[in-house]
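Visitor: In this note's numbering, the protein residues as written are 200 to 332. Backbone N, C-alpha and C fix where the C-beta goes; we use that ideal spot for every residue, glycine too.
The structure is reproduced here in structure tokens:
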């Protein structure tokens, strides 16, 4: 019985060593592929954005529809940068100035749920700055 256990333990150690070597080889291949990908990405120039960067919004009701169209269009063509609602809301906040910037401060201070909900954020902006659907 002891001999059988010794043989099993030896077989396990050999298998472990084999798997460790295989794992090391796979990790090296992965490292090389990551480096190759990074090199290829540096060689490829990203296409220019067909939509201009949106203008800032300072709270004028008449400009709110234009601001929403500009930001929505920009986020659509750059969707890889705006993968969730929080990123979209943060982008809009970064474009607020003046009265609109002052309006958002309390929401940030109280960590309002609308900061992570793009639709709710737009609805709140529309309500505050006087644009009804």
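Along the alpha helix (DSSP H) that carries residue 251, what are the first and last residues, could you check?
Guide: By 1-based counting over the chain shown, the position of residue 251 is 52. Note, residue 251: premise wrong, no alpha helix (DSSP H); not H, not E.
Visitor: Among 258, 274, 304, 283, whose alpha-carbon lies nearest the alpha-carbon of residue 327?
Guide: Position 128 of the chain shown, counting from 1, holds the residue named residue 327. Residue 258 is the option with its Cα nearest to residue 327.
Visitor: Is it right to say residue 291 is buried, meaning 16 or more other beta carbons lie within 10 angstroms of its own, or is it exposed?
Guide: Translated into positions along the chain shown, residue 291 becomes position 92. So residue 291 ends up on the buried side.
Visitor: Classify residue 206 as helix, strand or coil using the three-state DSSP reduction.
Guide: Translated into the one-based positions of the chain shown, residue 206 becomes position 7. It is helical.
Visitor: Please state whether DSSP places residue 275 in a helix, a strand or coil.
Guide: Position 76 of the chain shown, counting from 1, holds the residue named residue 275. Correct three-state label for residue 275: helix.
Visitor: Have a look at 293, 314, 209 and flag the residue whose alpha-carbon is nearest the alpha-carbon of residue 254.
Guide: For this step, residue 254 is matched to residue 55 along the chain shown. Taking only the C-alpha atoms, the option nearest residue 254 is 293.
Visitor: Does the Cβ-Cβ distance between residue 276 and residue 249 come in under 8 Å?
Guide: For this step, residue 276 is matched to residue 77 along the chain shown. For this step, residue 249 is matched to residue 50 along the chain shown. Going by C-beta atoms, residue 276 is nearer than 8 Å to residue 249.
Visitor: Considering Cα atoms alone, identify which of 225, 281, 300 is closest to residue 316.
Guide: As a position in the chain shown, residue 316 is number 117, starting the count at 1. Closest by alpha carbon: 281.
Visitor: Could you check whether residue 229 and residue 325 sit closer than 8 Å to each other, using their CB atoms as the reference points?
Guide: Within the chain shown, numbered from 1, the residue matching residue 325 stands at position 126. Within the chain shown, numbered from 1, the residue matching residue 229 stands at position 30. Result no, Cβ atoms of residue 325 and residue 229 do not sit closer than 8 Å.
Visitor: If the criterion is Cβ atoms closer than 8 Å, does the pair residue 272 and residue 329 meet it?
Guide: Within the chain shown, the letter at position 73 stands for residue 272. Within the chain shown, the letter at position 130 stands for residue 329. Cβ atoms of residue 272 and residue 329: not closer than 8 Å.
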